[in-house]
Structures are given as structure tokens and as C-alpha cells.
Amino acid sequence: MSSNEELEDSAAKKKKAHRPCDMCRRKKRRCDGGQPCGRCIQHEFNCTYQKRAMQRTSAAASYVHSLENRLKTVESLLQESNAVPVSGSPESPATFAPRQDQVLDILTYAIRLLNDPFPVPHSDDLSFIEISDSLQSLSLDNPVAHGFQGKSSQAMLVKAAVDLKSGDNIPNAPRSSLPPKQWSIKPWMKAPPRRTYTFPEDDLMISLISLYFDNVNIFFPIVHRPTFEKAFATNTHIHHDGFADTLLLVCALGARYSEDSRVHLPTVTECGTAGWKWFDQVQLAGLPVSGQATLYDLQCYCLAIQFIDRTSGARASWTLAGIGIRLGVDIGVHRSKVRGRAITPEEEQEKRCYWSIVLFDSQLSGALGRSIALQYDFDLELPLRCDDEYWEASTRRGVFCHPSDKPSLLDFFIWQIKLNRILSFVQKVLYATNRSKTLLGLNFDGWEEKVVMELDSALNAWFDSVPMHLRWDPACENDTFFDQAAALYMSYYLVQILIHRPFIPAVRRAGAPKSFPSLTICNNAARACINVAETQQRRRPNNPLIFGPTALFTAGIVLLLNIWGSSRTNRVESPDLTDVHRCMDVLRANTERWPSAGSLLETLEQLLKVDHAPTVRPRKVYDPSPFASSETGTGSTSSSETPVSAPNNVPHLSNPQMTRGWTVHIPLTAEDAAWANHVDGWDEAPARAPQVSDTADPPNNTAYFPAPHAHGSDLNDMQYFGVPLGDRLAHDTHLYTDTVAFWSTAPTGFEVSDWDLYLSNIGDIMQTGT
Numbered sequence: 001m002s003s004n005e006e007l008e009d010s011a012a013k014k015k016k017a018h019r020p021c022d023m024c025r026r027k028k029r030r031c032d033g034g035q036p037c038g039r040c041i042q043h044e045f046n047c048t049y050q051k052r053a054m055q056r057t058s059a060a061a062s063y064v065h066s067l068e069n070r071l072k073t074v075e076s077l078l079q080e081s082n083a084v085p086v087s088g089s090p091e092s093p094a095t096f097a098p099r100q101d102q103v104l105d106i107l108t109y110a111i112r113l114l115n116d117p118f119p120v121p122h123s124d125d126l127s128f129i130e131i132s133d134s135l136q137s138l139s140l141d142n143p144v145a146h147g148f149q150g151k152s153s154q155a156m157l158v159k160a161a162v163d164l165k166s167g168d169n170i171p172n173a174p175r176s177s178l179p180p181k182q183w184s185i186k187p188w189m190k191a192p193p194r195r196t197y198t199f200p201e202d203d204l205m206i207s208l209i210s211l212y213f214d215n216v217n218i219f220f221p222i223v224h225r226p227t228f229e230k231a232f233a234t235n236t237h238i239h240h241d242g243f244a245d246t247l248l249l250v251c252a253l254g255a256r257y258s259e260d261s262r263v264h265l266p267t268v269t270e271c272g273t274a275g276w277k278w279f280d281q282v283q284l285a286g287l288p289v290s291g292q293a294t295l296y297d298l299q300c301y302c303l304a305i306q307f308i309d310r311t312s313g314a315r316a317s318w319t320l321a322g323i324g325i326r327l328g329v330d331i332g333v334h335r336s337k338v339r340g341r342a343i344t345p346e347e348e349q350e351k352r353c354y355w356s357i358v359l360f361d362s363q364l365s366g367a368l369g370r371s372i373a374l375q376y377d378f379d380l381e382l383p384l385r386c387d388d389e390y391w392e393a394s395t396r397r398g399v400f401c402h403p404s405d406k407p408s409l410l411d412f413f414i415w416q417i418k419l420n421r422i423l424s425f426v427q428k429v430l431y432a433t434n435r436s437k438t439l440l441g442l443n444f445d446g447w448e449e450k451v452v453m454e455l456d457s458a459l460n461a462w463f464d465s466v467p468m469h470l471r472w473d474p475a476c477e478n479d480t481f482f483d484q485a486a487a488l489y490m491s492y493y494l495v496q497i498l499i500h501r502p503f504i505p506a507v508r509r510a511g512a513p514k515s516f517p518s519l520t521i522c523n524n525a526a527r528a529c530i531n532v533a534e535t536q537q538r539r540r541p542n543n544p545l546i547f548g549p550t551a552l553f554t555a556g557i558v559l560l561l562n563i564w565g566s567s568r569t570n571r572v573e574s575p576d577l578t579d580v581h582r583c584m585d586v587l588r589a590n591t592e593r594w595p596s597a598g599s600l601l602e603t604l605e606q607l608l609k610v611d612h613a614p615t616v617r618p619r620k621v622y623d624p625s626p627f628a629s630s631e632t633g634t635g636s637t638s639s640s641e642t643p644v645s646a647p648n649n650v651p652h653l654s655n656p657q658m659t660r661g662w663t664v665h666i667p668l669t670a671e672d673a674a675w676a677n678h679v680d681g682w683d684e685a686p687a688r689a690p691q692v693s694d695t696a697d698p699p700n701n702t703a704y705f706p707a708p709h710a711h712g713s714d715l716n717d718m719q720y721f722g723v724p725l726g727d728r729l730a731h732d733t734h735l736y737t738d739t740v741a742f743w744s745t746a747p748t749g750f751e752v753s754d755w756d757l758y759l760s761n762i763g764d765i766m767q768t769g770t
């Protein structure tokens, strides 16, 4: 066959592919394309081919084309806005988030507000008062209606209904005419009958009450002393369960500071049993279904939290703090009640109690590495600055007024609350889960550096605002202010450590090792904290500080991890090891009155054994002879190198007059702490053992607080905080990568099980380290 014939055959084959006729296309049937087609011949239809076949398009292609147009439109809109794309997986479309600088600006603004006065509540925030008034206008016996009702509650709808009917003159139905309610309180739901209490003897009870107010209430003013003593004098505890519970817990806490043998259990003579016979009589299982929290209930939980924290540890007291938070919310104590009238003494006591529970919850949550119970729905104003003895005269005038020329005991409580604002922010941001940080927009690198610098600035601003009578002065003649200043400074150093502690693993994750100013700040804050605790313990040996064991344990761990990061040769000779032993000495001295400090002490002892360092090593102990004997005629400290062979070898704690005239040099702010080891002159004033001055006159404040950069550095605060953290101390060659490794794996809380696991895993690292 020729090529021409093949082309004709192929053309003929192509012509066979006819389109259907008009009738077959309408009927949607197969057509043979004939003239006419077979089907039209069979059914005698008029076979035509007039309608033109439409060009078939792909539906998928048109859909994609429309999506591309929409995507271009959205991209053009986003380019005009302030959002930037955030890269995601290749399979998913790009998502968009606020710019990083916007997130940092918001965080910076929030941090700088931490030291500002509490804002006045908005009118919308006071709507819960109107809800309560609306419910009271109704004839409701439901106990749910008497608790706090927020904006999202059904009570808001009830208030709207009452407001709509407020203009109508509709008489209220008397209660006697209302049908019986199925939800009324049943007899078995009511409070149990009065319990039988066993109180201390009258003389012992008076002594315990005085010990409580002198040693406990000065830190957390839970109980108003004149009101309490007046109720006690009239035997209110005989017929009122609420006051009886409060009195028993006051006696239980006072017993922790008593030398009377009657405070112990009858069959046990250990000091750890002091106060338990009265604490066990108080029921803290919550309130009955029909009940509502009162001031006495809040006071009982505040007192019980402190007793359990001193005797059993943080876990049980943290649970009690959570219950106390909920009880306060139930009666609306957590919200501001500004109504244009003077506050009543009972409302002020409720405010102080609830602030105490909030402080306990924050401190204990930080110690255990847990979330705080009350997050953001909280606008209670600060307690009024007025000591107890001025209440009665002030309330006659309708205001609480403290004399302007006298320092207030309540200043410690107020500044502790202000410091707690910074601590709460640290817990919510720096110690939040990754999911929470992502919700805040903190899913980019480098945000920690900016936040840490702002927190340092806020902490320095708080420090500058501390009243003069609460500034650390070992020669302070007022024992109460001396104890308050020591407790406040230890809390300050603890917060400083908590701010910088999570930043050290962040630097390690960045890659190449470099110097870590956060590690330097933590080390110097730990040394300063130990100095303050030891000075207070020497002068006030029977007065352990509130939250003192927590701060001491944290300081000891900081220095211990720093020691492990150094070479093995330097570990035994490290001065930080002496500081760790000093920390343990203070914890050991507090164990008798605060048994919960014993578990922290045991953990430090086990950590020291892990290093396999010599268990018997010379260390400095303070010889009390220069203070105990008047024949020396000198104020210098005499120290001797004494081998320590057992943990029970506790240095003798001197009398209260030992520390008169002491000059203790400690770094103050985060900036001072970071530069403490790098500025000439700080070596002569290290954060070490207290140095005794031979002068009879108490030194001035500059002796206790060396000015930052007083030895030649001319960097101001803004210049310092403008330098990146990783570049500030780049010339420091004494910080090792191993230190950061120990930090990154150490537990953040005080759970014994966590530290047991850490101890079991760290031994191998210590053996292979050099």
C-alpha cells in the first residue's frame, strides 16, 4: 500500500468520530452520526445537526483559578496591614501573626506597669455588685444565689429581667405565700452541731497569742490584734466556732516559737509536735452545702497554710491555698468593692486575709513549679497602710489613717505584694508551657532577652521604692523591722534567681558556648541571700523567717550547680562550697522549729555526696568567743578551720547582740550582681561571710549598699540594658558549659521525687566530668 493510500485511510478513520445529532444529544443517547442516524430512522424523528457542541472546560482548573485570585486579593490586603507571614509546613498555606516587635512592645508595656499603682476598677467590673443587689430583691432561698456571680453567669440574665421590671409597680410575693421549693436546704445539709474544743491553759494561751503576734502576724497581718484580744477577753471562743478555730490555730502557730513543754503532744517530746494538739481540732475539709465562707474561714485557711508549710512542707499547704482562693472567690473578696463609701474594718481584714492567701499561692506554686490558682480575674486593691493600734481612732473618722511620722509594720506586707506582681508575671510568662507561649505570640527566638531585661528593670524599680526602714541594715535596733527587711530581701533575691534561671538553658540551646551573665546574676544573688539569712539567724536564732527555707534551698542549689560546672580540682577549693555549707547550717538550725526545712537540708546533703568529694573538709565556722566574752575588747571576727565530720556539727549561734555594727556587703540589683565579679573593688567586698566592724557607731547606708559602678565603670542603667545579655560579660572565662548543662536538667520545684530522679541520673555525669 502506498503512502497516499495510508493517509486516506487514516483520514477516513478520523471522520468516523461524528458528534451526536440534536435529538440524541437531547435524549442523552448514543448516536451513530448517520444522515439520518439509526435512532432517528427507527423512531421516525427529524434528524438534524444544527446545535453546535459546547467547548468542555475543566471544573478543577476554574476552581483553582478562582482560589488564586482570592489569594492574591488577601495577600494585597495583608501587605497593607501590619501583619507578617509565619512560615509553616510546605503542605499547609501560610498563616499570619502579629509582628515580633508588636508582641515585645505589649510585653514591655505590661512589665512596666507592674510597679504602677493599682488602676481604679472600671464601672463594668463592678457589675457583680448590682447582680448581688438584684438577687437580693428576689425571694430566693437557693444558696447558689448568695455567692459571687460574674459577668458570664446566668445571674446576669436575672439582673436584666429585674432591670426591665424595675419601672413596673409589681408587689413582691410574701415568702409565706410561695410554694415550697424542692431545692431548699435539707436538714442533713446544714452545719453539724458545735464541736467540743480543748484549749490551752489560760496562762499558756496568753503567751502563745503574744508569740503569734510578735513572730507571725508581723509578716502577714491576718488577724487584727485589738479586735482579737477583745473577743478573747469576752470568751467569744466558748460559744462561737469560727473564733474558736481561729484561736486554736493562733495558738498552734505561737507554739512553734514557745519553749514551754506543754505545747508538745503528751506522748511525744519532740519539738516538731509543738502546736499539733490544737491544729488537729480544726476542721478544714471545706464548708457545708448550706454554708458560706466568713472572715473566720479565711483566717483559718491563712493560719493553717502557714502551720502546714512550717511542719509538713509545700505540697499540703499549696492545696490549702487553692481551697482558700476558691472560698474567697465564692464570697467575692477577690474583687474591688469601691462604692464611694468608707471601707469597714471587717472588709479590710478580709482584704488582708485574701492577699495573704494570694501570696502563699504564688510562693508555693513557684516552689513546686506549678501554676498559680488565680490568674487574671482579680482586681482587689492594696491593703490600707495603717497599723492595728490606729484602727479604732481612725474608723471613728471613717478612714484608716496611720501617723505620717511613724514607719508602718504593714509596709512589709504591701511591698511583698508589689514584689509578688513581678513574681506572678515571671510564672505566667517565663515558666509557661510552650502552648501558652505560642498563644501569647512568643514563638520566635530572642524574646527571652528582651523580657529578662525589662524584668530586671522592673525589679530594680521595685528595689528603689522600698522604704528606708525596710532596707537591709544589720545594725537596725528594731528587731521587727530587722526581720522584715531580711525576709523582704531574701524574697527579692529569690525572684531575681527565678527571673534568670530559665534563661541559662535558653543560651545553651542557642549553640556555641559563651559567657552567661544570667548565671553570674544567679550566683551573686544566691550568695547575698545566704549572707542575709545567716546574719538574721545569728542575731535572731529562734525566729526563722517566712519563706526562708525556700529561698535558702534555691540559693544552695544555685551555688552547687555552679560548683559542679567548674573543674574537679576547683570544686573542693571553691569558696562557693563554703557558702553551701553556710546555707545548710542555717537550714539545720531552722529544722527544729520548721521541720519542713529538714527535707530541703537532706536534699542538699545528698547532692553533696553525689560529687564524691571528701565528706570531711575544713570549712569556716564562726567562733562566738569574741562576742560572748567582754575581755576581748575587739569587734573582729575570729574564725578557725574546723573539720566537719557529721551533719549535726552545727556552729554555735550567738546572742542577739552579736550583729551590732556588722557591715555586710551584698550586691543589690541585677545590674550590680552581674558586675559584682568584674568591676575592680568588688573583690574587697564580696558576697561572703559578714564582716564585723570595730566601730561603735552604726555605719551609714552606703556601707551596706555599695553604689553600682563606684569603682570606675561609667555605664548607666540604660546603657547596660541596651547591651545584649550574651555580650555583656564576654571576657568571663570562668563559666563552663557543664554549669549550664546542670542547670538545664535540674528540677524547678521542691518535689522530693523529682530530686531523687535527678540525683540518680547526675552521678554518672559527675564521674565523667573533669
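In case it helps, full-length UniProt numbering puts the sequence shown at residues 1 to 770. Every residue, glycine too, gets a C-beta built ideally from N, C-alpha and C. Please read all numbers here as calculations on a predicted model, not as lab measurements.
CA-to-CA distance, residue j to residue i, given in whole angstroms
i	j	result
Gln-306	Leu-587	17 Å
Arg-112	Ala-458	6 Å
Trp-278	Met-490	31 Å
Glu-347	Leu-204	31 Å
Gln-496	Lys-418	14 Å
Gly-272	Ala-555	25 Å
Arg-99	Lys-450	15 Å
Asn-46	Asp-32	15 Å
Phe-228	Pro-383	19 Å
Pro-20	Cys-40	11 Å
residue 837	Ala-231	In this structure the chain extends from 1 to 770, so residue 837 is not present and cannot be described.
Val-74	Cys-386	60 Å
Asp-297	Leu-455	36 Å
Arg-593	Asp-379	36 Å
Tyr-212	Leu-439	45 Å
Ala-244	Asp-464	42 Å
Val-64	Arg-52	28 Å
Ala-533	Leu-552	8 Å
Leu-78	Asn-69	14 Å
Contacting residues, own chain, Cβ-Cβ under 8 Å from residue i (five flanking each side not counted)
i	result
residue 781	Coverage of the chain is limited to positions 1 through 770, which leaves residue 781 absent and any answer about it impossible.
Thr-433	none
Sequence-distant residues of its chain with Cβ nearer than 7 Å to residue i (five each side left out)
i	result
Ile-308	Ala-316, Ser-317, Leu-320
Asp-388	His-224, Arg-225, Pro-226
Leu-67	none
For residue i, the first and last residue of its enclosing alpha helix (DSSP H)
i	result
Cys-40	38–43
His-500	479–500
Trp-415	411–429
Gly-254	241–255
Glu-534	517–539
Val-610	596–610
Asn-228	Note that residue 228 corresponds to Phe in the displayed sequence, not to Asn. That run of the alpha helix (DSSP H) goes 225–233.
Cys-386	No alpha helix (DSSP H) contains Cys-386, which DSSP labels as neither H nor E.
Leu-459	447–464
Gln-100	100–112
Thr-319	314–330
Arg-582	575–590
Tyr-49	It is not in any alpha helix (DSSP H) - Tyr-49 carries neither H nor E in the DSSP assignment.
Phe-279	276–279
Cβ separation of residue i and residue j, assumed to be a contact under 8 Å, to the nearest whole Å
i	j	result
Leu-253	Val-216	5 Å
Ala-314	Ala-274	Their Cβ separation, rounded to whole angstroms, is 20 Å, which puts Ala-314 and Ala-274 out of contact at 8 Å.
Pro-549	Ala-486	Incorrect: roughly 14 Å between the Cβ atoms, too far for contact.
Cys-522	Leu-494	Actually they are not in contact, since the Cβ atoms of Cys-522 and Leu-494 sit about 11 Å apart, beyond 8 Å.
Ile-422	Trp-462	7 Å
Contacts around residue i, its chain only, beta-carbon distance under 6 Å, and the 5 residues preceding and following it disregarded
i	result
Gly-633	Unreliable positioning characterises Gly-633 in this predicted model, as indicated by a pLDDT of 34, which lies under 50. The coordinate reading is nonetheless provided below. Taken in chain order, the list of residues that qualify is empty.
His-612	Unreliable positioning characterises His-612 in this predicted model, as indicated by a pLDDT of 49, which lies under 50. The coordinate reading is nonetheless provided below. Cβ neighbours of His-612 beyond the five flanking positions: none.
Phe-219	Ile-546
Leu-430	Pro-502
Gln-536	Ala-486
heavy atom of the ligand PLP below 7 Å from residue i C-beta
i	result
Gln-283	The model on display carries no ligand, and the ligand PLP is accordingly not part of it.
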